[in-house]
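Number of protein chains: 2
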Amino acid sequence: MAREVIGAAVLSVGDELLRGDITDTNAVFLSRALSDLGFDVRRLGAVGDDLDSIATVLRQTLNVARVVIITGGLGPTEDDLTRQGIAAVLGETPEVDETLLAGIRARFTAMGRPMTANNAQQALLIPSATAIPNPDGTAPGWLIQGDHAIAALPGPPSEMRPMWADTVRPALEGLLPTRVAMIALMTFGVGESVVAERIAEIIHADPDVTVATYARAAGVEVHITARGATDAEADRRAGEAAQAVRQALGEAVYGEGNVTLADVIGGCLAKDRASVATMESATGGMLSNLITNTDGSSQYFRGGIVAYSREAKAAHGVPAEIMDAHGLISPETAVAMAGAARRRFGAEIGLATTGIAGSDAVESHPPGTAFVAVDCGGRIRTRELHRPGSRETAKMYFAQSALDLLRLELHRKASP
Amino acid sequence: MAREVIGAAVLSVGDELLRGDITDTNAVFLSRALSDLGFDVRRLGAVGDDLDSIATVLRQTLNVARVVIITGGLGPTEDDLTRQGIAAVLGETPEVDETLLAGIRARFTAMGRPMTANNAQQALLIPSATAIPNPDGTAPGWLIQGDHAIAALPGPPSEMRPMWADTVRPALEGLLPTRVAMIALMTFGVGESVVAERIAEIIHADPDVTVATYARAAGVEVHITARGATDAEADRRAGEAAQAVRQALGEAVYGEGNVTLADVIGGCLAKDRASVATMESATGGMLSNLITNTDGSSQYFRGGIVAYSREAKAAHGVPAEIMDAHGLISPETAVAMAGAARRRFGAEIGLATTGIAGSDAVESHPPGTAFVAVDCGGRIRTRELHRPGSRETAKMYFAQSALDLLRLELHRKASP
Chain A
-14 MAREVIGAAV LSVGDELLRG DITDTNAVFL SRALSDLGFD VRRLGAVGDD LDSIATVLRQ
46 TLNVARVVII TGGLGPTEDD LTRQGIAAVL GETPEVDETL LAGIRARFTA MGRPMTANNA
106 QQALLIPSAT AIPNPDGTAP GWLIQGDHAI AALPGPPSEM RPMWADTVRP ALEGLLPTRV
166 AMIALMTFGV GESVVAERIA EIIHADPDVT VATYARAAGV EVHITARGAT DAEADRRAGE
226 AAQAVRQALG EAVYGEGNVT LADVIGGCLA KDRASVATME SATGGMLSNL ITNTDGSSQY
286 FRGGIVAYSR EAKAAHGVPA EIMDAHGLIS PETAVAMAGA ARRRFGAEIG LATTGIAGSD
346 AVESHPPGTA FVAVDCGGRI RTRELHRPGS RETAKMYFAQ SALDLLRLEL HRKASP
Chain B
-14 MAREVIGAAV LSVGDELLRG DITDTNAVFL SRALSDLGFD VRRLGAVGDD LDSIATVLRQ
46 TLNVARVVII TGGLGPTEDD LTRQGIAAVL GETPEVDETL LAGIRARFTA MGRPMTANNA
106 QQALLIPSAT AIPNPDGTAP GWLIQGDHAI AALPGPPSEM RPMWADTVRP ALEGLLPTRV
166 AMIALMTFGV GESVVAERIA EIIHADPDVT VATYARAAGV EVHITARGAT DAEADRRAGE
226 AAQAVRQALG EAVYGEGNVT LADVIGGCLA KDRASVATME SATGGMLSNL ITNTDGSSQY
286 FRGGIVAYSR EAKAAHGVPA EIMDAHGLIS PETAVAMAGA ARRRFGAEIG LATTGIAGSD
346 AVESHPPGTA FVAVDCGGRI RTRELHRPGS RETAKMYFAQ SALDLLRLEL HRKASP
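Taken in sequence, the protein lines are chains A and B.
Everything in the first sequence is counted per this note's numbering, starting at -14 for the first residue and increasing by one.
Everything in the second sequence is counted per this note's numbering, starting at -14 for the first residue and increasing by one.
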């Protein structure tokens, strides 16, 4: 199928990138997102907070790319020069937009902070640009749709990503000659190489379907991109590939899209009108933190205890004789903690973690060992975990594994 | 002091970078290493496995940088085109170097593998280049030392890094006229625009000192880079600028380098042999999660309760009459929670959060409102917070603010 190819590029602005102080996750995210849409990404670039550099590289980039996404350099300081760089390349003059200025002022008022004079710079616009709303920060973005499409977005990923998804991506989709459908399947509990082996045949089955795997903080993502002449054709191809991947990976697949394990569990619990409580040792609050990142979690999350010591566990209902007989880091203590959490908060389900995320061995267990347990109205499941590495990596893995254990239990309950 | 500044750039080659399949850790490593040496890094760039693109971007880069490090594109396949790109830009013709070819052949023999014909490409050299030995792989690098210094290194970090350290860095150090010293100061509680205003004079005080601000998840970083003829001179200039920034920002500065608020608090608590416990509502476990990300936190963190409902708060020692009189989201309830946490876990210090991180108003408070409290052996502090935005953003801000409140209390205690 012959197809027009549209070149794209990503340009990142900030001295901190040139000094290697931070990793440019925005460039990775955007190059992936543009590729998935069907754009031909031809350049990634980073320049410092310097007007001439921004303008020079933007000009060079526009020679090879019809779509350019710029991140960074939209802040309130005199080092933030992305707006001026774009204006210089397009030969336009930025002026303060009163509507944007009012919005920024309102945001500062809502935060109870004074708006300093330099923040007015964030209200600048040029005639060919429209503002991209930024619900998570003060700096609006710029979107220019002419011979070239240029979008300027703030550097913080928590601001950039929603602005990309809500405004920039929909605007760019209209440029594409073919239609694209994407499905991301999230898996947990199987390594990336095993996932790749199990779906090897699907990866090469259809030239109009791209299947790729990515290791994420919570499992492996299988990303399907299908192209077609119409939305229906692209959707059908993506759906067929997704079905094949689900069959190959079975219950390791926990959801689609940006869904988290905590979201999936939240959906089940809300539907069943069931409730959950936690008792954590090794994860130190990470488990309840993940659960409460889901909107509406107050409906089913009763509460949690971080019992970081033997005394704290005993004081919150974990029998001393179990800890004495089996050790703090044991499946038996994990089960006792899950039961104690359930009773303590009057919840149907208790979820617990005990182990070592730090760097010293405890009770002869090497660092990176943990046990997680779920007590679902008396039905018990446990899992033994091993994850050497940094403290934060281990905590995240333990907490996600506890959520996965609960997911499988809820799944079995729903389809006995 | 008039001084030559030497521009540098890093260019990465590979289609996988443009698709966002991998994060370019080589660019981060090399830009950091070049900056630390004292080079002025001006561009980072990535291009695909395409001869014209490699040559075009290399030419553009040589216009602004005397030193260019290229990674990737040195493999044995026809997609590996970095050597051809450099040769095209310099107007030279690559030829097989018999010594290199013998070395590659010997490596394959040692591994007991046949050397395929395409591996001969890795023995190519141009007249102006010398080979950089690669003890960890088959592809030698190229080092060109003329008007420009150009180094080409393989993409795998395990091969690239030793080649950088053993051959390229020593060759580049001879180019440098000055020494560099860097200090990063971490602040909390003051927005980036206010920080920039307060240190505006310092930013422009000395041409040998660069001061920049960066918004981080936990506050604003002030980054100082000073140059001098000797290490001592660079250190002195950086130290003086850091002292001036500390005076301008006062107690907003909480530490140097990669330190977190939780680390700073952990250091104080361990020194004082004091202990802390938490009771969280709005932050849902994020607060204890941050505290327990610090190594050794089990020494001073007694435990925490995530009391997500009125009942859970009451069951864990928060007086019903206080919640009834002032509401769940109030400074009074936050103080009562901090006191309950302290008593419950037998800790000197209690820390609490109550508020709304979600999207619905509660008790007439808009989303993004919270109160945090510290009870330090009966000495009380509270702070009212407003942070509209996503649930996770709000939780992080509330939790960090609680840690900051405790930091200020510990600081006052230490210097009354």
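Backbone N, C-alpha and C fix where the C-beta goes; we use that ideal spot for every residue, glycine too.
Annotation: B:GLU333 has no Cβ neighbours in chain A at a cutoff of 7 Å; minimum Cβ distance is about 15 Å.
Three or more beta-carbon pairs separated by less than 8 Å link the region 259 to 267 of chain A to the region 309 to 328 of chain A, which places the two stretches in contact. CA-to-CA, the gap between B:PRO112 and A:ALA31 works out to about 31 Å. Where A:PHE356 is concerned, the enclosing beta strand (DSSP E) starts and stops at 354 to 361.
Between A:THR378 and A:VAL357, the gap from beta carbon to beta carbon reaches 8 Å or more. Residue range 216 to 234 is occupied by the alpha helix (DSSP H) that includes A:GLN232, with no beta strand (DSSP E) assigned at that position. Residues of chain B with a Cβ closer than 7 Å to the Cβ of A:ASP280 are, in chain order, GLY343, SER344 and ARG376. Put simply, the backbone Cα of A:ARG98 is about 22 Å away from that of A:GLY126.
Annotation: A:THR245 has no Cβ neighbours in chain B at a cutoff of 7 Å; minimum Cβ distance is about 11 Å.
Taking the beta carbon of B:ARG295 as reference, no residue of chain A falls within 7 Å; the closest one sits roughly 11 Å away. For A:SER20, the neighbours in chain B by C-beta distance under 8 Å run, in chain order, LEU3, ARG4 and GLY5. In the structure shown, the three-state DSSP call for B:HIS350 is strand. Using a Cβ-Cβ cut-off of 8 Å, B:PHE14 counts as an interface residue toward chain A, since at least one Cβ of chain A sits closer than that to its own. For the C-beta of A:ALA95, the chain B residues within less than 7 Å are, from N- to C-terminus, HIS371 and PRO373.
By the neighbour-count criterion, in which a residue is buried when 16 or more other Cβ atoms sit within 10 angstroms of its Cβ, B:VAL196 is buried. Distances from the CA of B:GLY289 to each of B:GLY213, B:ALA332, B:ARG368 and B:ASP309 were compared; the closest alpha carbon is that of B:ALA332. Counting along the chain, B:ASP25 sits inside the beta strand (DSSP E) bounded by residues 25 to 32. Under the Cβ criterion of 8 Å, B:THR198 is counted among the residues facing chain A. Put simply, of B:ARG183, B:ARG51, B:PRO162 and B:ALA87 the residue whose alpha carbon is nearest the alpha carbon of B:HIS133 is B:ARG51. A:ILE290 has a beta carbon lying within less than 8 Å of a beta carbon in chain B.
The DSSP-derived three-state label of A:GLY(-8) is strand. For A:ARG27, at least one C-beta of chain B is nearer than 8 Å to its own C-beta. Spatial neighbours of B:LEU15 in its own chain (CB-CB distance under 6 Å, excluding positions within 5 residues in sequence) are listed in chain order as VAL(-5) and ILE54. At a Cβ-Cβ threshold of 8 Å, B:LEU85 and B:LEU110 count as neighbours. At a cut-off of 8 Å between beta-carbon atoms, B:SER113 makes no contact with chain A. Residue state for A:SER400 is assigned as coil, using DSSP reduced to three classes. Annotation: the continuous beta strand (DSSP E) that includes B:PHE286 extends over 286 to 292. Residues of chain A whose Cβ lies closer than 9 Å to the Cβ of B:LEU272 are, in chain order, GLY270 and ASN274.
Distances from the CA of B:GLY131 to each of B:ALA114, B:GLY122, B:PRO139 and B:ARG146 were compared; the closest alpha carbon is that of B:ALA114. Note on B:LEU170: 16 or more other CB atoms within 10 angstroms of its CB, so buried under the neighbour-count rule.
When the beta-carbon positions are compared, B:VAL180 and B:THR172 come within less than 8 Å of each other.
A Cβ of chain B is located within less than 8 Å of the beta carbon of A:ASP64. Under the DSSP assignment, B:ALA114 falls outside any alpha helix (DSSP H), being part of the beta strand (DSSP E) whose first and last residues are 114 to 117. Secondary structure of A:VAL179 (DSSP, three-state): helix.
Interface with chain B (8 Å Cβ-Cβ cutoff): A:GLY33 is included. Across the set B:LEU36, B:LEU128 and B:SER283, the C-alpha of B:LEU128 shows the shortest separation from the C-alpha of B:ASP151.
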